[in-house]
Amino acid sequence: MIYPYFASKKLEEAKSFEYAKQISDENPESVEALDGEMDFDEFNEVNASGGPDNCTVEDSVFKWPHEAILMLIEEYRTNENNFTTGKISQKKLWKNLMDDLLGAKPNITPTATCSSTGKRTRSNSTCSSVSSENELDETATIVKKSKYKQPIDKLLDVLEERSSIQEANKDRRFRELLAFKERKMEENLELKKRAVELLAQIVNRQQQF
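So this is what it looks like as structure tokens:
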């Protein structure tokens, strides 16, 4: 992330650079002796009392290209109103500027990040690192599966046992229902038989009289 302090420091460097360029254009002899003997930071230290805003710049490993500084200044000027009004937080504002400068770069792995440590060369072991990451992911997946395998197996056993019990209860209730219906049918037949016998006895008595 581009921090406000770091970006502000680069803006001050750009101002000092423009100030030095202006001096060289107006009086080339005054800076001829500095050419090849002083770097940009040393020039800022020499001009700390006379340069714009009396700014001093700390030593930095990474040197911004002149084009990048000009682009940063242009972005700052474009959003200067947002910086001064305070409607947007500084953190969010610099993040938006970072997104505008970097843009979407899907072909970069990993995602591009801003750094003050200088340009980094791409490692030749990209494929091996990717394969190593894949192996680590597979190992982690196996460990995770083995970690949760026992609880899952227990859950499956419980569900299977519960299903078996439900099936057994269902079969038992079905057999009990059949037995109940058969018993009721037998009882009805017995009642009908007794009713027929009773009617027969009544008929016989009437015939006797």
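Going left to right, the sequence shown walks through residues 1 to 209 as the numbering used here numbers them. Positions of the beta carbon are idealized from the N, C-alpha and C atoms, including for glycine.
Residue i - containing alpha helix (DSSP H), residue span
i: ILE88; result: ILE88 -> no alpha helix (DSSP H), and no H or E assigned at all.
Where residue i sits in the DSSP three-state scheme
i: ASN188; result: helix
i: ASN169; result: helix
i: LYS154; result: helix
i: LYS63; result: coil
i: ASN81; result: helix
i: GLU37; result: A caution first: GLU37 carries a pLDDT of 43, below 50, which makes its placement in the model too unreliable to give a value.
i: THR56; result: Caution applies to THR56, whose pLDDT of 44 falls short of 50 and renders its modelled position unreliable; the value that the coordinates give is listed next. In the structure shown, THR56 sits in coil (DSSP, three-state: anything other than H, G, I, E or B).
i: SER125; result: Model confidence at SER125 stands at a pLDDT of 46, short of 50, so the residue's coordinates are unreliable and nothing is read from them.
i: ASN47; result: Note that ASN47 scores 49 on pLDDT, short of 50, meaning its location in the model is unreliable; the coordinates nonetheless yield the value given after this. Looking at ASN47 - three-state DSSP - the assignment turns out to be coil, as it is neither helix nor strand.
Whether residue i touches residue j by CB criterion (9 Å)
i: ASN82; j: ILE88; result: yes
i: ASP99; j: GLU75; result: no
8 Å contact criterion, which residue i and residue j should meet: CB distance rounded
i: LEU93; j: ASN79; result: 6 Å
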